[in-house]
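S.K.: Just dropping this structure here.
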Amino acid sequence: MDILPKDMTLAEFISLPTTASFQVQDSDRFRQFAEENPYIRIGTVLSGGYVIAYVSEDKLHPILRELGETFINNHPIDYTLLDSETFEEPITTRLQQMPGVDLRGQGVILGFVDTGIDYTSASFRYEDGSSKILSIWDQTGNGTFPEDMQFGAVYTQKEINAALQSESPLEIVPQQDTIGHGTFIASVAGGRENNGHIGSAPDASIIAVKLKPASPYYFRLFPELPDDSIIFTSDNIMMGIEYILDQADTFNRPVAICIALGTNFGGHAGFSMMEEYLTYVCNRRGVAICTAAGNESNAKHHTDGVFTEAGQIQNIGINVGQNVRGFSVQIWNEAWDKISVAVKSPTGQVINRIPFESNIAFRKTLVLEKSLVGIGYFQLRSRLAIVEVEDPTPGIWEIILQGDIVVSGEYHAWLPITGMVSPYVEFIEPKPNYTIVNPATSIGTITCGAYNNRDDSLFIASSWGPTRLPRMSPDFVAPGVNIGGIYPKGPGTSSGTGVAAAITTGAAAIMLQWGIVMNHEPDMSCNRVLSLLIRGCSRSGSREYPNVQWGYGKLDLFESFNKLK
């Protein structure tokens, strides 16, 4: 039996490049299994009874097989950033200028799970120079880590203030946001006035988590990922959220958390472990979680179809350009239907239909090409087929689907999200519907799309609903085109649903201030915040609401409070 060295701490084991993590529901059976297999190291136990555990990567598949768990359900999902860098009046400014109203987020925490934060920026400092940041957990750092997390370094407000008073702040608090996304999102949601920019909730405090990038293991597991991919994993995201929630409890304050990350992995129905975790914590008093709908409506990364009878054949065409390292497609259908897959290359070589059998993995290198084709099937709450092609021949690839058992017959296919697949891979017949990304497909979060408030048009890439559940989504839209904010290098702009979600997070913080801090609705939770925000949305007379592009309309916090009178 393999046993880890007794002198190796869990933190040291987690830091090894060959260590892999997995997620599992906590149970007596799992605890006994882990005790009998000491090469499993139990890490963090999250709210809702989810466990993050660690093993050497070569043992992950055997462990999950022995547990009777599916790799696809228990392996962390990869997420990437939403929006890109490219002066806008914040959506809450009208409220802040309303006579007799003092709602700027006082007494509320804004939480960010992202690329970190430039704590030296004036956006996050009071007029006396002190920091509005209560704490930072740098998952990439080395130092005193959170008690239940076992890695990274935590920096308190006292340490941050000491760093700000130092001539060499990074010697005291070495955390930096080298990408800038987290800093920008935080400035939009809660930045104080800086270079003409002010956030939606400028008086709210901040807790920031700098996410640890995916380990080399994930790039070995998914060799088709572009080299410049910025990837984070669901287990670290969930632990980041858990840290923020724990800190909010410690400070006894309500919290609004912004998740400006997304992925196309998963069934888009709210049933991945990450989505279910968010659904659970959204029910807590004093918690609001805002998720970005995604920027996928025009990415050509989704298509769908319907079988009308058993034995019917339907094709999915994928256009693949030159110098593409690889691509993967996830095809989801309801559990009562049964679909099998064949693959045809641009040169006409065919991988004949592989009958559906749960947890099988078929791989074959084509005879006349160097392309390696893999087909895998999984039985979860829905059925899933995954087609992977490494070193694909340029041209049109066809995934040939057969409806073996047809009840409802509907299926959906997704390519990876923008940033996790080559821009030269796209569906021949894409559909913009059902492009809301995970975790915005969670049940209970506030899901926000983006629009251009200069010309009242939908942001061209803002993802369309519904979810596969199906559930109407997005909930509404907020400004998300050329929004001004602060990067570590200075002022800039960004477009997308991530910045729209940041604006919405600030609005949620103000609603929590009114409800909990001011004691108007002391039991306020995420669902109540969402209801009040939807109530105030502005709507065009030319559209029916809700709809899969605009949801219930355009965020208007001023009107939400008007209707509370």
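Be aware that the sequence shown starts at 1, since it is given in the UniProt record's numbering, and climbs by one per residue. Note that the Cβ used here is the ideal one computed from N, Cα and C, for glycine as well. Since the structure is predicted, the reported quantities are computational estimates derived from the model, not experimental observations.
Would you report the Cα separation of TYR424 and ILE160, rounded to the nearest angstrom?
M.R.: For TYR424 and ILE160, the distance between alpha carbons rounds to 44 Å.
S.K.: Compute the beta-carbon to beta-carbon distance between PHE476 and TYR552, rounded to the nearest angstrom, for a pair I have assumed lies under 8 Å.
M.R.: That pair is a contact at about 5 Å.
S.K.: Along the alpha helix (DSSP H) that carries LEU530, what are the first and last residues, could you check?
M.R.: Unbroken alpha helix (DSSP H) run through LEU530: 526-536.
S.K.: Could you tell me whether the segment 215-233 touches the segment 519-532, where touching means 3 or more Cβ pairs closer than 8 Å?
M.R.: In short, these stretches do not touch, since the Cβ pair count stays below three.
S.K.: Looking at the structure shown, is PHE30 part of a helix, part of a strand, or coil, going by DSSP?
M.R.: Looking at PHE30 - three-state DSSP - the assignment turns out to be helix.
S.K.: Could you tell me whether the Cβ atoms of ALA153 and ASP138 are closer together than 8 Å?
M.R.: Their beta carbons are under 8 Å apart, which means ALA153 touches ASP138 by this criterion.
S.K.: Please list the segments of the alpha helix (DSSP H) lying wholly inside the segment 162-195, counting only runs of 4 or more residues, in order along the chain.
M.R.: Fully enclosed alpha helix (DSSP H) runs of 4 or longer: 181-190.
S.K.: Once DSSP output is grouped into helix, strand and coil, what is the label at VAL499?
M.R.: In this structure, VAL499 counts as helix in the three-state DSSP scheme.
S.K.: Taking PRO392 as the reference, which of LEU368, PHE327, ILE354 has the closest Cα?
M.R.: Looking at the Cα atoms, PHE327 is the closest of the given residues.
S.K.: Hey, out of ILE417, SER531, ASP128, whose CA is closest to GLN330's CA?
M.R.: Here the closest residue by C-alpha is ILE417.
S.K.: Among VAL51, LEU64, PHE558, ALA20, which has the Cα closest to the Cα of ASN359?
M.R.: Considering only alpha carbons, the answer is LEU64.
S.K.: Helix or strand or just coil, what does DSSP make of ARG479?
M.R.: Sequence check: residue 479 is Pro here, not Arg. PRO479 falls in the strand class under three-state DSSP.
S.K.: In its own chain, which residues sit with a C-beta less than 8 Å from the C-beta of ASN562, not counting the 5 before and 5 after it?
M.R.: Here the set comprises GLY536.
S.K.: Measure the C-alpha to C-alpha separation of HIS191 and ALA342 and round it to an integer number of angstroms.
M.R.: In the sequence under discussion, the amino acid at residue 191 is Gly, which differs from the His named in the question. Each residue's alpha carbon lies about 52 Å from the other.
S.K.: Check each candidate in SER422, PRO213, ILE318 and name the one with the smallest Cα separation from ILE396.
M.R.: Considering only alpha carbons, the answer is ILE318.
S.K.: Taking its Cβ as the centre, do 16 or more other Cβ atoms sit within 10 Å of ARG41, making it buried, or is it exposed?
M.R.: Per the 10 Å Cβ criterion, buried.
S.K.: Using the rule of at least 16 other Cβ atoms within 10 Å of the residue's Cβ for burial, across every protein chain shown, is PRO546 buried or exposed?
M.R.: Its Cβ being crowded by 16 or more others within 10 Å, PRO546 is buried.
S.K.: Within 10 Å of its beta-carbon, does ARG220 have 16 or more other beta-carbons around it, so buried, or fewer, so exposed?
M.R.: With fewer than 16 other Cβ atoms within 10 Å, it is exposed.
S.K.: By the 10 Å Cβ neighbour count, where 16 or more other Cβ atoms means buried, how is TYR126 classified, buried or exposed?
M.R.: With fewer than 16 other Cβ atoms within 10 Å, it is exposed.
S.K.: Quick check on SER166: buried or exposed, where buried means 16 or more other Cβ atoms within 10 Å of its Cβ?
M.R.: With fewer than 16 Cβ atoms within 10 Å of its Cβ, SER166 is classed as exposed.
S.K.: Tell whether a beta-carbon distance below 8 Å holds between ASP78 and GLY116.
M.R.: Contact flag unset, no.
S.K.: When the distance is taken between beta carbons, is ALA293 closer than 8 Å to SER408?
M.R.: In this structure, ALA293 does not lie closer than 8 Å to SER408 by Cβ.
S.K.: Please report the distance separating the alpha-carbon of PHE265 from that of LEU82.
M.R.: Cα to Cα, the separation comes out at about 15 Å.
S.K.: Would you kindly report the start and end of the unbroken beta strand (DSSP E) that includes ASP58?
M.R.: Unbroken run through ASP58 is the alpha helix (DSSP H), 57-67; no beta strand (DSSP E).
S.K.: Could you name the residues of the same chain whose beta carbon sits closer than 7 Å to that of THR504, not counting the 5 residues immediately before and after it, in chain order?
M.R.: Excluding positions up to five away in sequence, the list reads CYS290, ILE446, CYS448, ALA478, LEU555.
S.K.: Residues in the same chain with beta-carbon distance under 8 Å from ILE405, minus the five sequence neighbours each way, listed in chain order, please.
M.R.: ALA310, TRP336, ASP337, LYS338.
S.K.: Could you tell me the alpha carbon to alpha carbon distance between LEU415 and GLY240, rounded to whole angstroms?
M.R.: Cα to Cα, the separation comes out at about 27 Å.
S.K.: Is it right to say THR80 is buried, meaning 16 or more other beta carbons lie within 10 angstroms of its own, or is it exposed?
M.R.: With 16 or more other Cβ atoms within 10 Å, it is buried.
S.K.: Is THR86 helix, strand or coil when you go by DSSP?
M.R.: Confidence at THR86 is low in this model, with a pLDDT of 48, below 50, so the placement of that residue should be treated as unreliable; the coordinate-derived value is given next. Three-state DSSP puts THR86 in coil, outside helix and strand.
S.K.: Nearest by alpha-carbon distance to PRO146: which of ASP203, PRO169, ASN194, GLN247 is it?
M.R.: That would be GLN247, whose Cα lies nearest to the Cα of PRO146.
S.K.: By Cβ distance below 8 Å, which residues in the same chain neighbour LEU164 in space, the five residues on each side in sequence not counted?
M.R.: Within the same chain, LEU164 has close Cβ partners TYR119, THR120, ARG125, GLY129, SER130, SER131.
S.K.: According to DSSP, GLY317 sits in a beta bridge with which residue or residues?
M.R.: GLU398.
S.K.: Output needed for ILE207: all residues of its chain with C-beta closer than 6 Å, excluding positions within five of it in sequence on either side, in chain order.
M.R.: Answer for ILE207: ILE109, GLY111, LEU134, SER135, ILE244, GLN247, listed in chain order.
S.K.: Verify whether the separation of the beta carbon atoms of THR303 and PRO430 is less than 8 Å.
M.R.: It is a contact, given that the beta carbons lie within the stated cut-off.
S.K.: Could you spell out the range, first to last residue, of the alpha helix (DSSP H) harbouring PRO240?
M.R.: A quick correction: the sequence has Gly, not Pro, at residue 240. GLY240 -> alpha helix (DSSP H) spans 234-251.
S.K.: Pull up the CB-CB distance for ALA11 and ALA34, whole angstroms please, since I reckon it's below 8 Å.
M.R.: The pair is not a contact, with the Cβ atoms about 18 Å apart (cut-off 8 Å).
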